[in-house]
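Asks:
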Amino acid sequence: MEKLEQGYRWWSSLPRLERLVFRNPIAIRQKRAPSSMATAAMSKLTARSLQTERDNGHVDLLQKFLVASKNHPRTLDTAGVIGMLMSTISGASDTTATAMTATLFQLLQNPDCLKKLEAELMGLPEIPAYSNVSKLPYLDALIKESMRIFPSSNWPIERLVPAGGVTIAGMSFPEGTSVGCLPSSIHQNKGIYGEDADIFRPERWLVSDRQQVRVMEASHMGFSRGRRVCLGQNIAVMQLKKVITALVMKYKVRK
């Protein structure tokens, strides 16, 4: 996990090197075989094109993409539909898997936390429904803390300063400047998460001070924040809670 985090930081911190290696004139002109994701998207599109509206029993995202392409071909052409399909197929797969791996890793590293989770799950079905696990306090705290210690997106979430410049945290930036912050830096802020911000402790989310919890939640960048918050975060949380609890209940998870 440490190597993975370093890899994220390496490439995200050296965009010029990335452009030099992968986006130079020679590399751009080279013909590359379609990615497995593009192949999967093409397969879905081809299969759907062979169906009639009667064959397609329900309106899914692909059907909506095709209707939009038919109504607005200049805005969404065939290549655009394939791009949307690739985003839909791949969306959240890596980040959710990373969050799940981080949570399971922390459970293995902290047997006491595993025991508390097992106690909270006592009496539930072996493969629980989401309604069984959606509001479990310790499970919720466990996932939040795991994503805080090891955020899935560990690169600067950059934005360009608009015309006229901007002042952020008392510092002035001219227009056109790329500014951003590392989620891991915010997550390690002792002024927000306490003097032990560098250690894994799910109980920090279970304090009675609701104002403190709100401040921590507002600073949590696991799914980004504001207008660009992850649109699939509710699905991701559902997957995390169902898979983690199913694994813990069905198997003896030990280091």
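By the count of the working numbering, the sequence shown reaches residue 377 at its end, each step adding exactly one.
Cβ coordinates follow ideal geometry from the N, Cα and C atoms, glycine included.
Keep in mind the model is a prediction, meaning the values are calculated, not measured.
Distance check for Ser-158 and Met-200, CA to CA, integer angstroms please.
Replies: It should be noted that the sequence gives Thr, not Met, for residue 200. Each residue's Cα considered, the two are about 18 Å apart.
Asks: Give me the Cα-Cα distance between Val-329 and Val-359, rounded to the nearest whole angstrom.
Replies: So the two alpha carbons sit approximately 21 Å from each other.
Asks: What first and last residue would you give for the alpha helix (DSSP H) that runs through Met-206?
Replies: Looking at the DSSP string, the run of the alpha helix (DSSP H) that includes Met-206 is 200 to 212.
Asks: Which residues bound the beta strand (DSSP E) around Phe-295?
Replies: Element bounds for Phe-295: 293 to 295.
Asks: Excluding the 5 residues preceding and the 5 following Ile-271 in the sequence, name in chain order all residues of the same chain whose CB lies nearer than 6 Å to its CB.
Replies: Phe-322, listed in sequence order.
Asks: With a cut-off of 8 Å on the beta carbons, I'd call Val-335 and Trp-327 a contact; round off their distance for me.
Replies: With a Cβ gap of about 7 Å, Val-335 and Trp-327 count as contacting.
Asks: Can you tell me which of Gly-287, Ile-279 and Val-203 puts its alpha carbon nearest to the alpha carbon of Ser-307?
Replies: Closest option to Ser-307, Cα to Cα, is Ile-279.
Asks: In chain order, what residues of the same chain have a beta carbon less than 8 Å from the beta carbon of Met-123, not counting five sequence neighbours either side?
Replies: The predicted position of Met-123 is uncertain, since its pLDDT is 38 and thus under 50; no value can be drawn from it.
Asks: Hey, quick one: how far does the alpha helix (DSSP H) through Ile-249 stretch, first residue to last?
Replies: Neither: Ile-249 is in no alpha helix (DSSP H) and is coded neither H nor E.
Asks: Answer with buried or exposed for Leu-139, where buried requires no fewer than 16 other C-beta atoms within 10 angstroms of its C-beta.
Replies: Exposed, since its Cβ has fewer than 16 Cβ neighbours within 10 Å.
Asks: Look at the alpha carbon of Ile-150 and the alpha carbon of Met-208, and state the distance between them as a whole number of angstroms.
Replies: Approximately 21 Å, taken between the alpha carbons.
Asks: What are the partner residues of Leu-282, as DSSP defines its beta bridges?
Replies: Answer is Ser-300, bridged to Leu-282.
Asks: Measuring straight from C-alpha to C-alpha, what distance separates Ser-294 and Pro-147?
Replies: For Ser-294 and Pro-147, the distance between alpha carbons rounds to 36 Å.
Asks: Whose C-beta lies closer than 7 Å to the C-beta of Ala-319 among residues of the same chain, with five residues either side of it excluded?
Replies: The answer, listed in chain order, is Gln-310, Asn-311 and Lys-312.
Asks: Count the other CB atoms within 10 Å of the CB of Gln-231; is the residue buried (16 or more) or exposed (fewer)?
Replies: Classification for Gln-231: exposed.
Asks: Considering only DSSP beta bridges, list what Val-288 is partnered with.
Replies: The partner list for Val-288 (beta bridge, DSSP) reads Phe-295.
Asks: Under a Cβ-count criterion, where at least 16 other Cβ atoms within 10 Å of its own Cβ denotes burial, should Val-351 be classed as buried or exposed?
Replies: Exposed.
Asks: At which residue ranges does the segment 312 to 354 contain complete alpha helix (DSSP H) runs of 4 or more residues, listed in the order of the chain?
Replies: Complete alpha helix (DSSP H) runs here, min 4: 312 to 315 and 332 to 341.
Asks: With H, G and I counted as helix, E and B as strand and the rest as coil, what does DSSP make of Ser-165?
Replies: Correct three-state label for Ser-165: helix.
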